[in-house]
Amino acid sequence: MSRLPKGGIIDRTRSLPFTFDGKGYCAHPGDTVASALLANGVQLMGRSFKYHRPRGVLTAGSEEPNALIEVSSGADRTPNTRATVQEVFAGLQTQSQNRWPTLGFDIKEALDLAHPFLGAGFYYKTFMWPRAAWHHLWEPIIRRAAGLGRLSSEPDPAVYDKAWKHCDLLVIGAGPAGLMAALTAGRAGARVVLADEDFVLGGRLQAEALEVGGESSHGWVSQTVAELASLPNVTLMKRTTITGAYDGGTYGALERVADHLPNAQGSPQQIFWRIVAKHAILAGGAHERPIAFPNNDRPGIMLASAVRTYIHRFGVLPARRWVVFANNDEGARTAHDLLKAGAEVTLVDTRKDARPEISCRHLPEAEVVNTRGRQGLKAVEVRFANGNTEWIKAEGLAMAGGWNPSVHLTCHMGARPVWQDNIAGFVPRAGAVPGLQAVGAANGEFTTHMALNTGAAAAAKALGVKPAEIPEAEDTLNKITPFWHVEAKGRAWLDFQNDVTVKDVVQAHAENMRSVEHMKRYTTLGMATDQGKTANIGALAVMAGLTGQEIAQTGTTMFRPPYTPVQMGALGGRHVEVDLAPERRMPGDAFARGHRANWDEMGLWLRPSLFKQGDEHTWRQSCDREVQMVRECVGVTEVSTLGKIEVQGPDAAEFLNRIFLTPMKKLGVGHIRYGLMLRTDGFVMDDSTVARLAEDLFVMHPTTGASAEVLSHLEFCAHVRWPELDVQIMDVTEQWAQVAVHGPMAHKVLVGPDFMRFQEVEIEGVKARVFRVSYSGEAGFEIAVPARYGAALMHWLLGKAEALGGGLYGLEALNVMRVEKGYLTHAEIDGRVSHYDLGFPTPDKDFVGKQMAARAGLRGPELVGLTTVGTVKALVGGALLVEGDFAPDNVQGHITSAVFSPTLGHMVALGLLENGRARHGETIQMIDATSGISAMCKIGPAVFFDAKGERLRA
Amino acid sequence: MRYSALEVIKQGLTGNKSWRPVWRTPAPKPSYDVVIIGGGGHGLATAYYLAKNHGMRNIAVLEKGYIGGGNVGRNTTIVRADYGQKGNSAFYSHSLKLWNGLSAELNYNVMFSPRGLLELCHSDGQMEAYNRRANTILARGDKAEMLDRNGVTDFAPYIGMNNERFPIKGALLQRSAGTARHDAVAWGYARGADALGVDILQNCEVTGFDIRGGVVHGVETTRGVIKAAKVGICVAGRSTQVASMAGMRLPIESHVLQAFVTEGLKPFINTVINFGVGHFYISQSDKGGLVFGGDLDGYNSYAQRGSLGQVEHVAEAAMSMIPAMGKSRMLRSWGGIMDMSMDGSPIIDSTHIKGLYFNGGWCYGGFKAIPASGSAYAQLLATGAVPDYASAYKLNRFETGHLINEEGTGAVPGLH
Amino acid sequence: MRLTCPHCGPRDSREFKYFGDAKTARGDDFASTYLRDNPAGEHAEIWQHISGCRAWLEVVRNVTTHKVISVKEAGQ
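Residue numbers (the working numbering), protein chains in the order written: chain A, 29 to 982; chain B, -4 to 411; chain C, 215 to 290.
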């Protein structure tokens, strides 16, 4: 056991059993999986991606590149979870990943022996012969080795939420700087959100042996957090990562609500927040960086700051004998803390002149040049200034390579960070994210005093208030002499997860992949799950050395959102599957459900496709019966999905006359006209009937699928193009239910106006708008009543129809009838047809799209009707019309809509065919190569039934 | 240096110390026969084919940053040829054929992986529209199939077929479509062009044209004046700015499109899937990341970053279509600048200025087009005429009305 | 991105729908329909507050930084 007898902020009174790779361990509340495994003497926690090198933890935070594990099992299994972040709860199951058969014995470790042949970009240079081998042989082999953890491949059972939050000040990170910022703003009464990715607040104050305001830093944090929690205007968000900075002061945030609990117990697993903040303070601290030396990746080798975190926060001493390797004062601090915890320590410092007061072996001007211990560190080889080397036995090695301010969020809007020599690191560019100020370690201000001070000052400045009083704290500047990698034989890791070593960067340089972006893409450096947090600067330094440039000139790669990876489930929230889009239901929806309706989606709407009766078991049986019913008797169908747009005002007629190709100005009151609208570019936008209800009131009925576009178009024209017209546009689609009743006996259901006329009729005391229009080719009406009477109207009409032998019909039957009549849908009006193609002449008057419609290129294939003439009687939507061999140049058109007409007893189709109107009576071949059907067709007009429209007017 | 398994082994045994630069870093010459502006996939491919197919050698590619830094390195790597409109169908069919032999041709493994593409359909209307596309592909002698629901489940069992808002009715399957390694395409063409003597000039931004009497004589750059008899513009994302230096006003708007990748996962999606609802497409890379994207953010932008709303929108579609993705984590998102033409199709043509040529407006379909675009543009630059398969991509088609509007949405770039 | 609707106040851009260049929005000749300045800087453009008050707005925005410079009602 490596648990220290005392110390840390874990709850030693309680024990939590959990498993790792099937073996049981005990943790305490406050432990992460990593700290608990270390406490149990487990160092080996993962395997690297490419060479399957054995790995332990490198860090104690979310930037961990090595110790990635699978959490839980079955459909709940979550891959690639950082053991350094996952809290232990009783019964937690965890597994190692990307190894076979076991973590300790992984066959693919053999790849490590082949490393000379698997260097940067090797795959671009081989696997090319023979030509098909890449896809059929090599790629499958590579894919078998690809990836880290496993998804369960079952639907994710967890529930996620998304929500908005608004505040005056968002404080990102609850270390000393963040706490002081929140305190300053909170005391001043501002609405504050303080978010921290960790499950305890305090940042490094919980991970170091520090004093703040004369007491232990743990104590100061507790008091401060207690005060903040007591302020109603402050929201403390633990376990909440600010994932991205977006335009307009909007931040993404992921709150892990239940990842630390055995089950979510009704709360969402995670919540993805969009936080809109007037001001923001980035107090995200800094990440310590490793030093590249040969075999610097063994279990037991970790960052010095992580070692101190395990000691002070978790009460864990991960190993007994330590080498600390540093280029700055953090080395001595770590050595000191290790000694105090009872460890044996050797301090190796690359600097010549550092003279720490420390009671352990101190080796200045020395370097670590190698390590031993396949599955756990055993010994460290140190080289002295005179070139002599010595092996030192050690199970732990702490690397202190300096600190990188967490600039990531400040890069999300495209700004590159700025190199700062005195800390040998990048700091955020001022103004990188409007409204956001970086403070404390995130801004390269590393002492506790500086953090407290800048945090308070930034909040005070942003809000124009007084800073909170700064407690006393250490203020000794860390002295660093940049040192990036040890020149010695062997592979020195830069990107631990992706197995990118100094040699790979050297090779990239030799191959002229010298731009930082080329180096990154070529070697995959920085593309691991930590997005290069532990890797990038070291690699930049190596490249800078090779090109003879400063790091500042070499540049930096960009950090993109999210800051740490975000579960897709959380980004989807509840807007998934059935709730992907709102469902629009007609007023008669429940009525139809009571009558065995089958349903179809039309855009967002649900519409009955047919109403089954008796033992009908195919859709065609129901559809044919319904068509016959309407043609011979009377049918009722709800058409409330049709757009209903009222156009009002003294200039309404003029307005519609400009909108429609069809003249509308002289449409009489009580009259209805069918018309086409063109887009600005001259193609047909939609068709619609227009009824003039009064001198200054029109209602139009654009197609269900196009009504949103048409509405916007009308509003745009009214508000922006022709503001001089006195006209108002009102979408009343949802205010009115509309029902069609059609058939030779429709007159017996309702007495209404003449063909293409409008009349207001009272039905059972309700004023109804009755339009004598038809989409079926039969006489009848569309009757609109206020939406709340929709179901009642359906009931009333159906009662009358049934008494006559009629009944309900659905969309399928309606579609058959409209094809029989050659009426258009968006299968024909597909955004590429012109009014010429549809057979409409151009009127003299002006209208939207007239100029562009005059271009020669707009005359394309023309609308025709098609019936079969040969032995094959099938017609298929999407089939091509071909003259001669089946070749691209012989394709002259296609079938837009094909249906079986029960009225005529054969299939009929509408199509678009080159020069089609001049070819009536000729034949053409239809080829549906996907089904192998080919049929000879007769070309004719786009109407198959009652061409003169006598039934309409009857 | 020829790449091969043997070479990798030989180099490996000798410490990987003698790899040669993939391309040189030459100094700009005062004059070239052809200058191509833009070191992206299209520009580099054009240079390669100019040298390879037309025997020209005195060529420079001018890149303002580093080569391959634009959209060729920022896309979702999908290669497909399932277009329905005549001009597109011929062009992308040709491009797909070139993709098949590209690694061998360049001696650089671009990892073209014809793993199949599913275009899912969610309504009868969509089924018929894709049936038409499939027939168009078949008429060309290429292959395509229409699958029903069962066919989709058999082909891609991880797609959520139940409880969806928009049930899947079937799909178009193009088995010859797939993905390629995006960076490798830029580097492979760069290496191929360089080997044939093309000068690739990085950090060389064009700041103006030398146009006299309606004839182009060269360009001004941040690295000095470079004379050229012919100049080809090929700068996705900056077409408007570069063309405006030559006094041209284009039928193009620049929009942002985001792309996303998850953490590495053991492969479970072995094909490319394009969903018909909400516009969402996904594949899984050979490294294990799920690579996916959606619609444009919908407004003019040169910022190379997207909005959070669109991130969420894409995730919602992803979760609806593949509910098992819930526990995968989005690792990185990024934005590219799409030069959206007014009909959604590209332009490869000469201009009103003699010697100046234009290639652009690739919307978000540029990656798969690279081989055919490069070879067509090279032919245009070398001979003054484009090959038949690219003949529809004329600049004046907006005036004549011979538009190639695959989506039928009209002159609204945000809707293509 | 957030736009301040003159009627509804500051709202997330997902409530709005983009229409395009304000300079060419009102015409339907060839140049208005097809040609764009498409500058990499300040851009006057038309948006509709489609999930709000449905007002048509003229927004001046820097399309390189996404900084919103002004919002007013269009067609006034």
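Every residue, glycine too, gets a C-beta built ideally from N, C-alpha and C.
Throw me the rounded Cβ distance for the residue i and residue j pair, which I believe falls under 8 Å.
i: histidine 440 (chain A); j: alanine 273 (chain A); result: 4 Å
i: valine 777 (chain A); j: valine 767 (chain A); result: At roughly 11 Å, the Cβ-Cβ gap does not stay under 8 Å, so valine 777 (chain A) and valine 767 (chain A) are not in contact.
i: glutamate 114 (chain B); j: leucine 167 (chain B); result: 4 Å
i: leucine 980 (chain A); j: alanine 807 (chain A); result: 6 Å
i: proline 869 (chain A); j: aspartate 754 (chain A); result: In fact, because the Cβ distance is near 31 Å, the residues do not count as touching under 8 Å.
i: phenylalanine 114 (chain A); j: tyrosine 188 (chain A); result: For the sequence presented, residue 114 (chain A) should be read as glutamine rather than phenylalanine. That pair is no contact at about 18 Å.
Whose Cβ in chain C lies nearer than 9 Å to the Cβ of residue i?
i: methionine 880 (chain A); result: Asp242, Asp243, Phe244, Thr247 and Tyr248
i: methionine 337 (chain B); result: Thr247, Tyr248, Leu249 and Arg250
i: glutamate 248 (chain B); result: Gly234, Asp235, Arg250 and Asn252
Taking C-beta to C-beta, are residue i and residue j nearer than 8 Å?
i: leucine 405 (chain A); j: glycine 430 (chain A); result: no
i: isoleucine 386 (chain A); j: histidine 364 (chain A); result: yes
i: glutamate 539 (chain A); j: tryptophan 329 (chain B); result: no
i: tryptophan 350 (chain A); j: alanine 191 (chain A); result: no
i: valine 493 (chain A); j: threonine 271 (chain A); result: no
i: phenylalanine 353 (chain B); j: alanine 313 (chain B); result: no
i: glutamine 125 (chain A); j: leucine 176 (chain A); result: yes
With DSSP run on the structure shown, which of helix, strand or coil describes residue i?
i: aspartate 503 (chain A); result: coil
i: glycine 808 (chain A); result: strand
i: asparagine 265 (chain B); result: coil
i: threonine 278 (chain C); result: coil
i: aspartate 917 (chain A); result: helix
i: phenylalanine 726 (chain A); result: strand
i: phenylalanine 587 (chain A); result: coil
i: histidine 436 (chain A); result: helix
i: isoleucine 319 (chain A); result: coil
i: leucine 245 (chain B); result: strand
i: valine 794 (chain A); result: strand
i: aspartate 365 (chain A); result: helix
Report the neighbours of residue i on chain C: residues whose CB is nearer than 8 Å to its CB, in chain order.
i: valine 748 (chain A); result: Ala239, Arg240, Ile260, Trp270, Ala288 and Gly289
i: glutamate 743 (chain A); result: Gln262, Arg268 and Trp270
i: alanine 406 (chain B); result: Thr247 and Tyr248
i: arginine 69 (chain B); result: Correct list: empty, because the minimum Cβ distance to chain C is about 17 Å.
Output, in chain order, the set of chain B residues within a Cβ distance shorter than 7 Å of residue i.
i: aspartate 257 (chain C); result: Note that residue 257 (chain C) corresponds to histidine in the displayed sequence, not to aspartate. The answer, in chain order, is Asn295.
i: serine 227 (chain C); result: Ser302 and Gly304
i: threonine 278 (chain C); result: Tyr297 and Ala298
i: alanine 254 (chain C); result: Gln236 and Tyr297
i: glutamate 182 (chain A); result: Ala319
i: aspartate 709 (chain A); result: Gly405 and Ala406
List the DSSP bridge partners of residue i.
i: aspartate 357 (chain A); result: None, per the DSSP bridge assignment.
i: valine 570 (chain A); result: In the DSSP output, where bridge partners are listed per residue, valine 570 (chain A) has none listed.
i: arginine 128 (chain B); result: According to DSSP, which records beta bridges pairwise, arginine 128 (chain B) is partnered with nothing at all.
i: asparagine 295 (chain B); result: B:His250
i: phenylalanine 417 (chain B); result: Because residue 417 (chain B) is not part of the residues shown, which for chain B are -4 to 411, the question remains open.
By the criterion of Cβ-Cβ separation under 9 Å, what are the contact partners of residue i in chain A?
i: phenylalanine 233 (chain C); result: Ser740, Phe744 and Val748
Who are the neighbours of residue i on chain C, taking C-beta pairs under 7 Å?
i: glycine 409 (chain B); result: Tyr232
i: valine 876 (chain A); result: Asp242
i: aspartate 523 (chain A); result: Under the 7 Å cutoff, chain C gives no residues; its nearest Cβ is about 32 Å from aspartate 523 (chain A).
i: glycine 276 (chain A); result: Met215 and Arg216
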